[in-house]
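Trainee:
There are 2 protein chains.
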Amino acid sequence: VGCFARLRIYEENARFVLICLILIIYLLFGASLFNWLEREHEVEQKIEFDEKMQNYRDKFCGDKNETSCDFDAFVEFISNGASTGLLSSRERFDYLGSLFFSATVISTIGFGTSTPHTSWGRLLTIIYGVVGCTCCVLFFNLFLERLVTGMSYILRYLRERKIQNRLKENGTKPVTLLINNEDFNESSSSCEGHMDNWRPSVYKVFFILFSMCLCLINLSAAVYSIMEDWPYIDALYFCFISFATIGFGDYVSHQKDTSNYENPVAYRFLNFILLTFGACFFYCLSNVSSIVVRQLLNWMIKKMDVKVED
Amino acid sequence: VGCFARLRIYEENARFVLICLILIIYLLFGASLFNWLEREHEVEQKIEFDEKMQNYRDKFCGDKNETSCDFDAFVEFISNGASTGLLSSRERFDYLGSLFFSATVISTIGFGTSTPHTSWGRLLTIIYGVVGCTCCVLFFNLFLERLVTGMSYILRYLRERKIQNRLKENGTKPVTLLINNEDFNESSSSCEGHMDNWRPSVYKVFFILFSMCLCLINLSAAVYSIMEDWPYIDALYFCFISFATIGFGDYVSHQKDTSNYENPVAYRFLNFILLTFGACFFYCLSNVSSIVVRQLLNWMIKKMDVKVED
Ligand SMILES: [K+]
Ligand SMILES: [K+]
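Line by line, the protein sequences give chains A and B. Per our numbering, the first sequence starts with residue 25, numbered consecutively. Per our numbering, the second sequence starts with residue 25, numbered consecutively.
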């Protein structure tokens, strides 16, 4: 009997507690990391910003007192205009803008470059979002299912050819580790019926998906760094933030006036395709790698669950 | 033989194509909806904004020409300051701020109130995010598993009592529809072992989860509308946008100076708890309801798959 069983903690609960602990430690680690990386730059920027601000204040209100100058009111006015998007000449809720807004809601990217400002708009965003996010989750899940099925199909074909080659050489040994994971049971139980029960290992699928994501993100970053004139590292950062559906909104593609792009319609379409595929592939990657992490947790629990008495 | 089989389209592929079509139609519908709801307000706001802007321009640069006045440069300066957060007196990357930033990355909410500005910060956000999002997806999945297990446990207990009552009355009829969904197979196969194979219907779980989410979002909205002094509908909008991990960043809780809150430490903690539970419950809801939508798709495919010949 292991110590978890003695403490009346079931494996499933231990696993949940373990992931909570890991996440808390990971968050604290992240806090230290970003504090260390960003703090100095922030302080420098802040000092520079405040200096410039004082210069502007002197310039615009040099001889007047604050009440007659309205400097702070103006700053607030501009700041609100910037955050609501009114400052930009680009229209937020023309038809294509609304389409973009709808897409940011249901994909849960939420760049925040356009947000509803009327009460009805906000209320209907909730209703629209509940239905839309559900459908989008289903879309991502079905994409994952189709992708893993396709991958299994190809890997099985390759494996069969390999085995045939092996048989010719009169040698037989097991080729791949089989992991009976529910997700993989389900997703590969399609086209081929019961002909062949072989399934690719979750590690192999993870490795292939990871490589595909790496190619896709680099390709997309190259496209965006050319089209938006961003440094490559910033384009890479934008791609990750969008594909992982984090969507900070500090970098957003296709936000300049259309005159800035050579072929705005084609670029709009390409942008849509890249973001959709990126989000799909990253969804697949995070799901498959979460299975890998789950295996790791199970292994950790087994290690920790020392046999206290037999 | 149905028409899909004749066209050599397997059910799984038909389902995927169907969800793609539904999403495209839903997006176009959303575009019309939000265009209709928000367009007028946006145009009005824009006119008002431009008028005020012209007044300010006249006030600050009335007698000077543009080059000597620097008005546009100043507007851009403030606008950048607002979007990078330098304008606010609040520090973005002190330890607690960095913790908040890390949490917005791994939960994929991404409010965007604090974003990395150094190249190293951006690069490490990618690496931190890949690992963190994976762990967070696993956390959400394990939460879903634990929640459905708990729910099954309670529902089974209630059902057994009901059956015992029925038996006393000498009447027997089936109580609940059983749906053999993989997710529910897995998630309820814990504590009780093989004692009882009964599982709650996915519709029942959906209904309970939906009610729980409704309670949670209303409770949270009440808390935020009091603490942040937002109208109730705006607080509701903020809760949905955060819980669904969309995170536009137009409304963000706990962003005022701490002096504005009665008990800032308790509120910070409550804020964390509400956002975590909200995101967990909404993840569960969107997963369970995506199963319901999947059933609906299967039903639609069956309807559409007319028998052409027998
Ligand atoms: K987001
Ligand atoms: K966001």
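By construction, the Cβ of each residue, glycine as well, lies at the ideal position given by its N, Cα and C atoms.
Buried or exposed, going by whether 16 or more other CB atoms sit within 10 Å of the CB of A/Y307?
Mentor: Looking at its Cβ environment, which holds 16 or more other Cβ atoms inside 10 Å, A/Y307 is buried.
Trainee: Which value, in whole angstroms, describes the spacing of the CA atoms of A/R39 and A/D329?
Mentor: So the two alpha carbons sit approximately 12 angstroms from each other.
Trainee: B/S7 versus chain A: which residues are under 8 angstroms apart at the beta carbon?
Mentor: In the structure displayed, chain B extends from 25 to 334; residue 7 of chain B sits before or after that span and is not available.
Trainee: Beta-carbon within less than 7 angstroms of A/M77's beta-carbon, same chain only, minus the 5 sequence neighbours each way: which residues are those?
Mentor: Cβ within range, chain order: n/a, list empty.
Trainee: Taking only beta-carbon positions, decide if A/W144 is within less than 8 angstroms of chain B.
Mentor: Taking Cβ atoms only, chain B reaches closer than 8 angstroms to A/W144, which makes this a yes.
Trainee: Is A/T132 near ligand 4, in the sense that its beta carbon is under 7 angstroms from a heavy atom of that ligand?
Mentor: Absence of ligand 4 from the depicted structure is noted, with ligand 1 and ligand 2 being the only ligands included.
Trainee: Do the CB positions of A/P224 and A/S176 come within less than 8 angstroms of each other?
Mentor: Their beta carbons are under 8 angstroms apart, which means A/P224 touches A/S176 by this criterion.
Trainee: Under a three-way DSSP split, which group does A/D118 fall into?
Mentor: It is coil, neither helix nor strand.
Trainee: Quick check: the Cα distance between B/S277 and B/Y80, rounded to an integer number of angstroms?
Mentor: Going by the C-alpha atoms only, they are around 31 angstroms apart.
Trainee: Please list the residues of the region 43-57 of chain A that have a C-beta atom closer than 9 angstroms to any C-beta atom in chain B, keeping them in chain order.
Mentor: Residues passing the 9 angstroms Cβ filter: I43, C44, I46, L47, Y50, L51, L52, F53, G54, A55, S56 and L57.
Trainee: On the three-state DSSP scale, how would you describe A/Q279?
Mentor: Residue state, collapsed to three classes: coil.
Trainee: For B/P140 versus A/F58, is the C-beta distance shorter than 8 angstroms?
Mentor: Yes, the pair counts as a contact, with Cβ atoms nearer than the cut-off.
Trainee: What are the residues of the region 257-285 of chain B that lie near chain A, defined by any Cβ-Cβ distance shorter than 8 angstroms?
Mentor: Going along the region 257-285 of chain B in chain order, one finds I257, D258, L260, Y261, F264, I265, A268, T269, I270, G271, F272, G273 and D274 with a Cβ nearer than 8 angstroms to chain A.
Trainee: Using C-beta distances below 7 angstroms, list every residue in its chain close to A/F95, excluding the 5 sequence neighbours before and after it, in chain order.
Mentor: The answer, listed in chain order, is R81, F84 and C85.
Trainee: Can the beta-carbon of A/I325 be found less than 8 angstroms from the beta-carbon of A/L47?
Mentor: Not in contact: A/I325 and A/L47 (Cβ atoms no closer than 8 angstroms).
Trainee: Which value, in whole angstroms, describes the spacing of the CA atoms of B/N209 and A/I315?
Mentor: Confidence at B/N209 is low in this model, with a pLDDT of 40, below 50, so the placement of that residue should be treated as unreliable; the coordinate-derived value is given next. In a straight line, the C-alpha of B/N209 is about 17 angstroms away from that of A/I315.
Trainee: For the alpha helix (DSSP H) that contains A/H65, what are its first and last residues?
Mentor: Here the alpha helix (DSSP H) through A/H65 covers E35 to C85.
Trainee: Just to make sure I have the definition right: I need the residues of chain A whose C-beta is within less than 9 angstroms of the C-beta of B/Q69. Which are they?
Mentor: By Cβ distance, chain A contributes T108, L110 and H141.
Trainee: I believe B/T128 touches B/G271 by the beta-carbon criterion, under 8 angstroms. Please report the beta-carbon distance rounded to the nearest angstrom.
Mentor: Contact flag correct, Cβ pair sits at about 7 angstroms.
Trainee: At the level of alpha carbons, what is the spacing between B/G136 and B/W323?
Mentor: C-alpha separation (whole angstroms): 41 angstroms.
Trainee: Could you give the distance in angstroms between the alpha-carbon of B/Y119 and the alpha-carbon of B/E169?
Mentor: Computed Cα separation, rounded: 33 angstroms.
Trainee: Taking Cβ-Cβ distances below 8 angstroms as the criterion, which residues of the region 156-185 of chain B are in contact with chain A?
Mentor: Answer set for the region 156-185 of chain B: G156, C157, T158, C159, C160, V161, L162, F163, N165, L166, F167, E169, R170 and T173.
Trainee: Run the proximity test for A/I270: is its beta-carbon closer than 7 angstroms to any non-hydrogen atom belonging to ligand 1?
Mentor: Yes, the beta carbon of A/I270 sits closer than 7 angstroms to at least one heavy atom of ligand 1.
Trainee: Are A/A106 and B/S103 closer than 8 angstroms when you measure CB to CB?
Mentor: Yes. Within cutoff.
Trainee: Tell me, please, whether the CB atom of B/S249 is closer than 8 angstroms to any CB atom in chain E?
Mentor: Of the chains in the structure shown, none is chain E; the protein chains are A and B.
Trainee: Drop a sphere of 10 angstroms on the beta-carbon of B/F293, count the other beta-carbons inside from all chains shown, and report buried for 16 or more, exposed for fewer.
Mentor: It counts as exposed.
Trainee: Apart from the five residues just before and just after B/D5, which ones in its own chain have a Cβ nearer than 7 angstroms to its Cβ?
Mentor: Because chain B in this structure spans residues 25 to 334, residue 5 of chain B falls outside the shown range and cannot be described.
Trainee: Smallest Cα separation from A/C239: which of A/T269, A/G145 and A/C263?
Mentor: Of the listed residues, the one whose Cα sits closest to A/C239 is A/C263.
Trainee: Any idea what DSSP makes of A/T137, helix, strand or coil?
Mentor: Reduced to three states, the DSSP call for A/T137 is coil.
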